[in-house]
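Please read the structure below before turning to the comments.
Residue numbers (my numbering): 1449 to 1551.
This is the structure:
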């Protein structure tokens, strides 16, 4: 058995009506190849239900890694994290596991 514990602030952030609520497919989570892919999949689904969202880059970095100052620049975050996560989500889309992916 696996137990997940989430901080109440995280729950409120992802599952609030202003951000959108969506169904998270555990099969897709299991098929992701990295933690960044899982995080990006969850963010994409929750914000995709709303249609769009706007957040500060430091806040997005914090969502992806846990600390807002972990990556010094946006290009470093993109190179080390987002490119591989987007490729992984595209692979899941092409294998008909998920319905959408980021470009």
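The beta-carbon is built from N, C-alpha and C at its ideal position, and this holds for glycine as well.
Is it buried or exposed for residue 1412, if we count other Cβ within 10 angstroms and need 16 for buried?
-> Residue 1412 is absent from the model: the chain starts at 1449 and stops at 1551.
Exposure of residue 1540, with buried meaning 16 or more beta-carbon neighbours within 10 Å | buried
Do residue 1546 and residue 1476 come within 7 Å of each other at the CB atom, strictly closer than that value?
-> yes
Assuming residue 1526 and residue 1485 make a contact with CB atoms under 8 Å, what is their CB distance in whole Å?
-> The Cβ separation is near 14 Å, so there is no contact.
Sub-7 Å separation of residue 1474 and residue 1533 beta-carbons | no
Expressed to the nearest angstrom, what Euclidean distance is found between the alpha-carbon atoms of residue 1509 and residue 1531?
-> 14 Å
N- and C-terminal bounds of the alpha helix (DSSP H) containing residue 1533 = 1531-1542
Complete alpha helix (DSSP H) runs within the segment 1480-1524 (minimum length 4 residues, chain order) | 1483-1498 and 1505-1513
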